[in-house]
Amino acid sequence: MKSTIFFKSFFQIILITASTIIFTLVGLSTITSYDNKYITKAAFTQDNFAIVPENGFCSLVDGWELYPDVLLSPNDFLSDAPSYYPAWAGQYPNLSLFHEDKNPYGISTWRIHLKGNKNIVTLYLQEPLCAAKVYLDGKCLGGTGEVSFENYSPLIKDTFYSFYLDEESELIIQTANYSHYYGGIWFAPVIGDSDSISHLIAARMLLYGLLFFSSLTLSLFCIILWRRKNSAFYSVEFYFGMLSFSFALRICYPFLRLFGIPLVRILYVIEDVSAFLIIYFSIRIAGLLFLSEINHYAKKILHSFFTAVCGGMCCIPLIFPLFVFPLIPGTVLWYGLVISWYKVIMAIILISLTAYGCFTKSLYTKIIFSSSIVNGICLLYSVLTIGYYEPFIGAYPEEYGTFFMVIAFAVLMVRRSHVLTEENLRLNQNLQEEVNEKTEHLQKLLMERGQLISELGHDMKSPLTSLSNMAQIIRLNNIMLDRDTYKRIIHIEEQCDILSERLKSIQEIASQTSSSIHMEPMILNTFLLDFYHNYRPVIELYGPNFLKNITNHPCQVMANQDQLFRALENLLYNAADFTPPDGKIILSLFSDESFAYVEISDTGCGISEEDLPNIFKRSYTTRSNKGGQGLGLTITRTIVSEHGGKIIVSSKQEKGTTFTISLPLIL
154 MKSTIFFKSF FQIILITAST IIFTLVGLST ITSYDNKYIT KAAFTQDNFA
204 IVPENGFCSL VDGWELYPDV LLSPNDFLSD APSYYPAWAG QYPNLSLFHE
254 DKNPYGISTW RIHLKGNKNI VTLYLQEPLC AAKVYLDGKC LGGTGEVSFE
304 NYSPLIKDTF YSFYLDEESE LIIQTANYSH YYGGIWFAPV IGDSDSISHL
354 IAARMLLYGL LFFSSLTLSL FCIILWRRKN SAFYSVEFYF GMLSFSFALR
404 ICYPFLRLFG IPLVRILYVI EDVSAFLIIY FSIRIAGLLF LSEINHYAKK
454 ILHSFFTAVC GGMCCIPLIF PLFVFPLIPG TVLWYGLVIS WYKVIMAIIL
504 ISLTAYGCFT KSLYTKIIFS SSIVNGICLL YSVLTIGYYE PFIGAYPEEY
554 GTFFMVIAFA VLMVRRSHVL TEENLRLNQN LQEEVNEKTE HLQKLLMERG
604 QLISELGHDM KSPLTSLSNM AQIIRLNNIM LDRDTYKRII HIEEQCDILS
654 ERLKSIQEIA SQTSSSIHME PMILNTFLLD FYHNYRPVIE LYGPNFLKNI
704 TNHPCQVMAN QDQLFRALEN LLYNAADFTP PDGKIILSLF SDESFAYVEI
754 SDTGCGISEE DLPNIFKRSY TTRSNKGGQG LGLTITRTIV SEHGGKIIVS
804 SKQEKGTTFT ISLPLIL
């Protein structure tokens, strides 16, 4: 069985690998054929003049004369010029081949002859490294930075020069580089009519804008998600957010080149470190997702290894360009190769991790495995085509491969979140079913308990009444009672009354828990008017004036009339007990858009701040000398809660108390 599963997974990996390789190579072949400066380049006349098209654009790849270690002005070519090296743009990454000590730095002059159609053309000079000065037919068109050794000042900037092109013209570009491991005319210039060049730049900026802003959006979304979930630093959300942010930082360079960057070394350090961080975060995500089944010790060793390797490689761009290259220029020769092949090796490791995930049946590994292969092939293609492929509009293969991997991880995150959401819904549904089952069981137990308490109270009431009646008969008939016996008889009657009240309270509580109350629509205004008229004579026997303030606006609520009547009755008798004869009790009703508010306020002695938080607790009472079991307000709050409402109290000592009941209106 295991061997069958293994061969099935192995066959799937082979199939995915083959189809991904074919897909990637077809894509790379397409962009190489249709968006490549080394293919769409200027044609030449027999006397080696580059023909500039009247409409459209072409790249100036071939036909350059390279004069290393000299800065030649147009005047220097009026007489016999020094010897030159035939070259094409991108052929020489730097000047190390022309120096015995392999020093890559220095100055150079690049010269090419152009054949035009007596029209206005635009020259797009992309990132001359690292300072440049441009001449056309003896006239200086401008430049970037300062090329002279004494006043060398680098400036990385894409520049545009519009000029009238005669039938035969001479273009001279002076360059100087003491900053970067690439120098001179590394990127082929593009020349054509102004509209075509403008469209080319606009299309390029749109593409890179899409890559940049989509990655930045993904990174911000994941970072916010990580912060809201309070996840640890080693969570998948955090690593994917940092992966997307690193790619956004890596891909924003075309916009920076439009404005010009004088801090050349720092600029390229940021780009190289961003590329290394992309590799590190990709491997960390793959490790978290696909190495969950290996033991903790092995996982810890792999984590430490990759952190050390990637961390060490991130230090190389920080140390070498800023500190080593100025002191030992020869180290530039191997720096670019080390970076390129390191990326390829780490891409192979990433492919291996995702392939392992395919064997362990981790979720959605196939899309990551496929994207890792695409990224690896694109990295290898970028290394092998240095000096042979350069896009007009599109991105470089390495950038396409990284973006494809970012999108694959984004799809993985979305599908992973979807799976987790479905799992949470399933668990919540199961939990809800279990809660409903437990609730139904508890309600049944409460109902049985209520019935038992009610029956027990009823059974106890008869003998208690008989006992009270017998004691009262003995006391009233004065049957040979001495003083002590008479007092005991009175005490028995008092205790029977207390016990009777407690049984009554117990039966009331039991009636609240024995079954759910029946609700029906009710006009609260009419109900309160009936309540007021019924209780006004009773309350005024106590002494206080009983007043009403009931709105005329109809307030319809869902309620049980008997239960609500009992709740208000408890509040009213409480108010009457604590209000002096010359005081007053007010029953009020008002409403807003959602709730009706019933208030019973009095001008009694009030409730102390210490007692206010406890008055709704069961068996809590402030009647130190008046009896009472502290159940009235508890029962009232229970009734109000069953009606979907709330009860609040406000009170000031010696000024009075107000109880406010809020009930939801029927809208």
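The opening position of the sequence shown corresponds to residue 154 in my numbering, with each subsequent residue numbered one higher.
Beta carbons are placed, not taken as given, at the ideal position from N, Cα and C, and that holds for glycine.
Secondary structure at G759, three-state DSSP: helix, strand or coil? coil
Would you call G175 buried or exposed, if buried means 16 or more other Cβ atoms sit within 10 Å of its Cβ? In the sequence under discussion, the amino acid at residue 175 is Ile, which differs from the Gly named in the question. Exposed, since its Cβ has fewer than 16 Cβ neighbours within 10 Å.
If you count every other CB in all the chains shown that lies within 10 Å of the CB of F812, and 16 or more means buried, which is it? buried
Assign P674 to one of two classes, buried (16 or more other C-beta atoms within 10 Å of its C-beta) or exposed (fewer than that). exposed
Candidates G464, S322, V214, L282, of which the one nearest K292 by Cα: S322
Could you have a look at Q279 and say whether DSSP puts it in helix, strand or coil? coil
Leaving out five residues before and five after K901 in sequence, what residues of the same chain have Cβ atoms less than 8 Å from its Cβ? Given a span of 154 to 820 for the chain in the structure shown, any question on residue 901 remains unanswerable.
For the beta strand (DSSP E) that F699 lies in, which residues bound it at each end? 698-703
Could you give the first and the last residue of the continuous alpha helix (DSSP H) run that contains G295? No alpha helix (DSSP H) holds G295; the beta strand (DSSP E) holding it covers 292-297.
Fully enclosed by the segment 316-357, which beta strand (DSSP E) runs are 3 residues long or longer? 321-330, 343-345
First and last residue of the alpha helix (DSSP H) that includes A234? A234 -> no alpha helix (DSSP H), and no H or E assigned at all.
Alpha carbon to alpha carbon, what distance is there between A428 and Y314? 32 Å
Report yes if the CB atom of I325 is closer than 8 Å to the CB atom of P544, and no otherwise. no
DSSP three-state call for W494: helix, strand or coil? helix
How do the segment 754-762 and the segment 713-731 stand: do at least 3 beta-carbon pairs fall below 8 Å, yes or no? yes
Taking its Cβ as the centre, do 16 or more other Cβ atoms sit within 10 Å of A561, making it buried, or is it exposed? buried
Grouping DSSP H, G and I as helix and E and B as strand, with all else coil, what is P817? strand
Quick one: using the 10 Å Cβ neighbour count with 16 as the cut-off for buried, is F202 buried or exposed? buried
Excluding the 5 residues preceding and the 5 following P307 in the sequence, name in chain order all residues of the same chain whose CB lies nearer than 6 Å to its CB. C283, A284, G298, S332, V417
Determine the direct distance from the alpha carbon of Y245 to that of D290, and round the result to whole angstroms. 25 Å
Beta carbon of L480 nearer than 8 Å to that of A439: no
Over the uninterrupted alpha helix (DSSP H) stretch that includes V417, give me the two end residues. 417-443
Based on DSSP bridge pairs, tell me the residues matched to N272. L318
Leaving out five residues on either side along the sequence, give the residues of the same chain with a beta carbon under 8 Å from the beta carbon of K779. With a pLDDT of 47 at K779, under the threshold of 50, the modelled position of this residue cannot be trusted, and the question is left open.
Look at the alpha carbon of F473 and the alpha carbon of V426, and state the distance between them as a whole number of angstroms. 12 Å
From I436 to Y541, what does the alpha carbon distance come to, in whole angstroms? 30 Å
Beta strand (DSSP E) segment containing Y541, residue limits: Neither: Y541 is in no beta strand (DSSP E) and is coded neither H nor E.
Output yes or no for whether 8 Å exceeds the beta carbon distance between I645 and A624. yes
Distance, Cα to Cα, P407 vs V287? 21 Å
Coil, strand or helix - S226 by DSSP: coil
Compare the Cα-Cα distances from S123 to each of D346, S172, Y688 and report the closest residue. In this structure the chain extends from 154 to 820, so residue 123 is not present and cannot be described.
Classify A461 as buried or exposed, calling it buried when 16 or more other Cβ atoms lie within 10 Å of its own Cβ. exposed
L742 by DSSP, collapsed to three states: which one? strand
Who pairs with R264 in a beta bridge, going by DSSP? E218, I325
Mark E552 as exposed unless 16 or more other C-beta atoms lie within 10 angstroms of its C-beta, in which case mark it buried. buried
How big is the Cα-Cα spacing for P482 and L378? 45 Å
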